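S.K.: Each residue of the sequence shown is one higher than the one before, starting from 5 at the first, in this note's numbering.
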Amino acid sequence: MAYSVLEQMHDKLVSAEHPLLVADERLDGDSLGASLAMADYLLRLGKPVRVFISEPIPEKYKLLPHQDLCFFESSELSKISADVVVFFDCSDEKYAERVVQGLSGPRPLVLNIDHHITNPRYGHLHLVDHEAPATCEVVHRFFKENKITINKHIATCLFSGLIFDTTAFSNDATNAVAFSSASELMFAGARGGEAIRLLLKNRSVSALRLWGVALERLWFYEELQAVATCITLQDLEMFEIDEEEIGGLHNFLKGVIDHDTTCVMCEKSDGSVKISLRTDSGDVASIARARGGGGHAKAAGFSVPNSRLVCAADGCWRVENKL
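1) What is the DSSP secondary structure of residue 210, counted as helix, strand or coil?
2) Return the bridge partner residues of residue 95 from the DSSP annotation.
3) Would DSSP call residue 128 helix, strand or coil?
4) When DSSP labels each residue in this structure, what does residue 142 get in the three-state scheme?
5) On the three-state DSSP scale, how would you describe residue 320?
6) Say the cut is 7 Å; is the CB of residue 123 nearer than that to a heavy atom of the ligand FMN?
7) Indicate the three-state DSSP secondary structure (helix, strand or coil) for residue 53 in the structure shown.
8) Assign residue 326 to one of three DSSP states: helix, strand, or coil.
9) Per the contact definition of three or more C-beta pairs closer than 8 Å, is the segment 214-222 in contact with the segment 172-184?
10) For the beta strand (DSSP E) holding residue 305, just list the boundary residues, first then last.
11) Suppose you measure from the CA of residue 109 to the CA of residue 25; what does that come to, to the nearest Å?
12) For residue 243, does the three-state DSSP call read helix, strand or coil?
13) On the DSSP bridge list, what partners appear for residue 230?
14) Is DSSP giving residue 278 helix, strand or coil here?
15) Can you round the beta-carbon distance between residue 166 and residue 138 to whole angstroms, since I take them to be within the 8 Å contact cut?
16) Measure the alpha-carbon distance for residue 174 versus residue 322 and round it to whole angstroms.
17) Identify the continuous alpha helix (DSSP H) that holds residue 201 and give its terminal residues.
18) Given this structure, state the Cα-to-Cα distance separating residue 250 from residue 107, to the nearest angstrom.
19) Cα separation between residue 225 and residue 280?
20) Buried or exposed: where does residue 271 fall if 16 or more other Cβ atoms within 10 Å of its Cβ makes it buried?
21) In angstroms, rounded to a whole number, what distance separates the CA positions of residue 113 and residue 68?
22) Quick check on DSSP: helix, strand or coil for residue 155?
23) What residue range does the alpha helix (DSSP H) around residue 35 cover?
24) Does the beta-carbon of residue 5 have 16 or more other beta-carbons within 10 angstroms, so that it is buried, or is it exposed?
25) Tell me the rounded alpha-carbon separation between residue 124 and residue 293.
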């Protein structure tokens, strides 16, 4: 019988003395859910596991267990000597390398579990399935192939990732595997209804008002051949919300705009502008990859550093480099 990559990964984790799990730099329900599901299993094995994330965990993920294992201060990495590091939902090899170089001690074994088509297959072992609806579905496969019991905590984590990346089974990432995986996870005890409400339906009045501003700005962006809108840092400050609360706007636009491709630009607190793309028929991953980003064929994005959004005289917005 063939010794699969999932079995090899399992053996490496079982033998690890100091495993470190890392969610993608763009923290979301899929990367966090996959990381915390694996953390639950490693805790059952008695491993001193920790989870590195790029930012504090938003309130909407409060349903997920083991958040006390997470840390986001990059300075803490230098205090950790890990022998195995697992990256989840992370197609950015440069980010993975920065994390690894930040650790103390000998260079660890690197495992890479993802579903982005732009993932370059880095690491000593990698399982990248771009046809998977979510990285959490790949991790679900890891548990099943290695005959690991999926408890209610793991089930809730993995279900949360599935509904996040498929927008509750309504976007182009949704396939038969997504429904099959979700069904098994519900039978295993996933808190599905709560996860959907917290991750996808929990909008504040301020966030909806900001959506209204964004909808008023809609224009056709010639360069990307997309219907576009944007959100500035001033908008976020005015409505007293953070970047996390604008999630869902893109999916809303895809449901009401009669156009193949949409674009949402957002100023970030680090001085960059994040550009997110969605399409029904094209390949936005190639557009994002050419500009240093990544993602999926139907959903991708990139960032423009040291830049800002400026409104032109014709009412269209553009990205401008800061002087």
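Glycine residues also receive a C-beta, built at the ideal position from the N, C-alpha and C atoms. If you're wondering where the values come from, they're calculated on a predicted model, not measured in any experiment.
M.R.: The structure says:
1) helix
2) Its beta-bridge partners do not exist; DSSP assigns none.
3) coil
4) helix
5) coil
6) Within the structure as shown, the ligand FMN is missing, as the structure has no ligands at all.
7) coil
8) coil
9) no
10) 303-308
11) 17 Å
12) coil
13) 225
14) strand
15) 5 Å
16) 31 Å
17) 196-204
18) 33 Å
19) 13 Å
20) buried
21) 27 Å
22) coil
23) 33-48
24) Residue placement at residue 5 cannot be trusted, given a pLDDT of 40 that sits under 50; what the coordinates show is reported in the next sentence. The residue is exposed, with fewer than 16 neighbouring Cβ atoms inside 10 Å.
25) 11 Å
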